[in-house]
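J.: Next up is a structure, given as structure tokens.
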Amino acid sequence: MRFEFFVGLRYLWNTRRTRFLSLITVISVLGIAIGVAALVTVQSIMDGLQNQMKRSILGSKAHALVSTAEGTVADWQVAAAKARAVPGVIGVTPLITTEVIVSAREEVLGGIANGVDGATIGTVTLLPEQMAAEKSDIGCLTAPEQCPALVSRRTGDPGDALYDDLIGARDLPPVVIGREMARYFSVRPGDVLTVISPVGGGMGPTGPLPLSKNFRIVGTFFTGMYEYDFNYLYLDLSDAQRFFSMEGLVSSVAVKVHDIYDIDRIAKALRGALGEGYTVKSWKEMNRNIFNALLMEKIVMFLILGFIVLVASFNIVATLLMMVLGKVREVAILKTMGASRRMIMALFAVDGLIIGTVGTVLGLVLGLVACLWLDGLQLGFAKDVYYMTELPVDASAGLFAVVALCALLISFAAALYPSRYAARIRPADGLRYE
169 MRFEFFVGLR YLWNTRRTRF LSLITVISVL GIAIGVAALV TVQSIMDGLQ NQMKRSILGS
229 KAHALVSTAE GTVADWQVAA AKARAVPGVI GVTPLITTEV IVSAREEVLG GIANGVDGAT
289 IGTVTLLPEQ MAAEKSDIGC LTAPEQCPAL VSRRTGDPGD ALYDDLIGAR DLPPVVIGRE
349 MARYFSVRPG DVLTVISPVG GGMGPTGPLP LSKNFRIVGT FFTGMYEYDF NYLYLDLSDA
409 QRFFSMEGLV SSVAVKVHDI YDIDRIAKAL RGALGEGYTV KSWKEMNRNI FNALLMEKIV
469 MFLILGFIVL VASFNIVATL LMMVLGKVRE VAILKTMGAS RRMIMALFAV DGLIIGTVGT
529 VLGLVLGLVA CLWLDGLQLG FAKDVYYMTE LPVDASAGLF AVVALCALLI SFAAALYPSR
589 YAARIRPADG LRYE
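Under our numbering, the sequence shown has 457 at position 289, and the numbering climbs by one with no breaks.
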């Protein structure tokens with residue numbers, strides 16, 4: 169063992185004359201450990217929230233949208249074929265998206281209507297799986313007469329069957345709504361929903377004319393995002409084209425890619441393959457505000473909690489200064505025996521690094537235990553913000569490594585001043601009264 173490590177360890181845990189110094193050492197270690205544990209735990213929770221929101225958003229929306237400056241795509245079949253040929257693209261589907269007003273049971277709600285192709289929407293979004301979670305089938309959009317929920321309604325309660333016949337519900341086009349919209353209107357599959365397009369009726373003497381049409385609910389879906397489950401509804405593509413007067417047109421061509429983090433390269437390739445007149449908007453651009461807000465929150469939380477480690481580092485300064493002041497005579501003797509200023513400085517710097525290392529390792533262990541305990545913990549969240557019942561925690565090795573490195577650097581910086589102070593002690597000052 170090197171001289172600096174041997175003497176430094178003896179100084180760090182001297183229980184013969186300075187028991188109080190050993191207690192301060194323990195407090196310093198615990199201060200670093202608590203700061204590190206809090207930092208990795210909170211950052212892991214923030215990562216879990218961000219990743220869960222990202223999965224929910226990208227599961228309900230396309231990774232990229234191909235559109236035009238006019239807002240509609242006429243030759244969307246050709247554009248879809250070109251997009252499908254781009255390496256990295258694994259799914260393409262046409263899409264009509266427009267804002268509407270939804271009404272049922274004397275209640276009114278603003279919503280987003282999406283006209284989708286039932287045969288290809290599953291290659292781009294998770295709508296089929298999200299409907300299956302609600303015991304619904306995406307096939308109900310294209311063949312509502314075979315929808316199990318509607319069949320059971322006709323064969324179940326005779327009153328429901330009679331009511332459907334009286335209002336002509338069986339001839340209405342199908343619609344799929346979110347779980348929260350169904351709860352808001354207190355409706356279920358088989359009930360009628362009125363969709364109003366504010367500008368669907370064309371232009372009149374006083375401006376745009378609204379157009380309304382009744383649709384029959386054939387299923388519900390659950391995405392895990394309150395905004396989508398409360399405001400989104402899905403129509404069959406052909407029904408949406410007729411209702412919004414977009415025969416042969418779509419709003420955009422939705423694209424799904426294999427690697428969402430390679431979207432920039434794929435978006436550039438899509439622009440090159442489609443040529444002029446088309447615009448490609450990636451998921452980063454479509455959700456820039458929300459993901460930037462989450463990133464800013466994560467950075468701010470890292471800085472705030474980092475101050476805990478910074479404050480704890482002052483305990484290291486205090487511990488080493490007390491140690492130096494209590495070891496003036498020993499330092500003077502070491503110098504008279506031939507120890508250089510660099511060796512004395514390294515001796516006390518080792519103590520600071522030991523305190524920081526032990527505190528960091530202990531903090532990482534405590535943080536990992538906290539993450540394992542908190543992962544999946546049942547908590548009451550605000551549904552309109554997070555829409556989750558379990559706390560998501562994503563503890564990554566990269567985060568732990570960054571936090572450990574920062575804590576060790578802070579601990580080393582905290583040990584510099586006491587070490588330099590000890591190195592400047594002159595042998596004559598330490599042995600003057602001996």
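Note that beta-carbon positions come from the ideal geometry of N, C-alpha and C, so glycine has one too.
Taking the C-alpha atoms as reference points, what is the distance between Y352 and L277?
T.: Roughly 9 Å between the two C-alpha positions.
J.: Whole angstroms is fine: what's the gap from A317's alpha carbon to K424's?
T.: Rounded to whole angstroms, A317 to K424 spans 30 Å at the Cα level.
J.: For F383, write down the residues that DSSP places opposite it in a beta bridge.
T.: Looking at the DSSP assignment, F383 forms a beta bridge with L361.
J.: Shortest alpha-carbon distance to D404 belongs to which of A563, N282, L442?
T.: If we check each option's Cα against that of D404, N282 comes out closest.
J.: Quick check on DSSP: helix, strand or coil for A486?
T.: In the structure shown, A486 sits in a helix (DSSP, three-state: H, G or I).
J.: For a test of the three-state rule: what should DSSP assign to N455, helix, strand or coil?
T.: In this structure, N455 counts as coil in the three-state DSSP scheme.
J.: If you run the structure through DSSP and keep just helix, strand and coil, what is A253?
T.: DSSP places A253 in coil when its eight states are reduced to three.
J.: For K466, which residues in the same chain have their Cβ closer than 6 Å to its Cβ, ignoring the five residues on either side in sequence?
T.: Answer for K466: M214, listed in chain order.
J.: Is the beta carbon of I512 less than 7 Å from the beta carbon of A590?
T.: Yes, they are a contact pair.
J.: With 16 as the cutoff for other CB atoms within 10 Å, does Y394 come out buried or exposed?
T.: Burial call: buried.
J.: Taking buried to mean at least 16 other C-beta atoms within 10 Å of its own C-beta, is N483 buried or exposed?
T.: It is buried - the Cβ of N483 has at least 16 other Cβ atoms within 10 Å.
J.: Below 7 Å between beta carbons: does that hold for A206 and L473?
T.: Closer than 7 Å, so yes.
J.: Taking the straight line between their C-alpha atoms, what separation do you get for A248 and F412?
T.: Cα to Cα, A248 sits roughly 21 Å from F412.
J.: If S419 sits next to T293, beta carbons under 8 Å apart, how far is it from one beta carbon to the other, in whole angstroms?
T.: With a Cβ gap of about 15 Å, S419 and T293 do not count as contacting.
J.: Using beta-carbon positions only, say whether V360 and N382 come within less than 7 Å of one another.
T.: Cβ distance < 7 Å, so V360 and N382 count as in contact.
J.: I believe I269 touches G286 by the beta-carbon criterion, under 8 Å. Please report the beta-carbon distance rounded to the nearest angstrom.
T.: Incorrect: roughly 24 Å between the Cβ atoms, too far for contact.
J.: I476 to G203, Cα distance in whole Å?
T.: Looking at the two C-alpha atoms, the distance is approximately 5 Å.
J.: On the premise that F568 lies in contact with L515, defined as a C-beta separation below 8 Å, what is that separation, rounded to the nearest angstrom?
T.: Contact flag wrong, Cβ pair sits at about 30 Å.
J.: Is the separation between the beta-carbon of D562 and that of G227 shorter than 7 Å?
T.: No, they are not a contact pair.
J.: So for K222, helix, strand or coil by DSSP?
T.: Here K222 sits in helix by DSSP.
J.: Can you give the Cα-Cα distance for V284 and E415, rounded to whole angstroms?
T.: Taking the straight line from one Cα to the other gives about 14 Å.
J.: Could you tell me the alpha carbon to alpha carbon distance between L530 and I195, rounded to whole angstroms?
T.: Between L530 and I195, the C-alpha separation is close to 13 Å.
J.: Hey, quick one: how far does the beta strand (DSSP E) through E275 stretch, first residue to last?
T.: Its beta strand (DSSP E) spans residues 275-284.
J.: To the nearest angstrom, report how far apart M454 and Y585 are at their CA atoms.
T.: Their backbone Cα atoms lie some 50 Å apart in a straight line.
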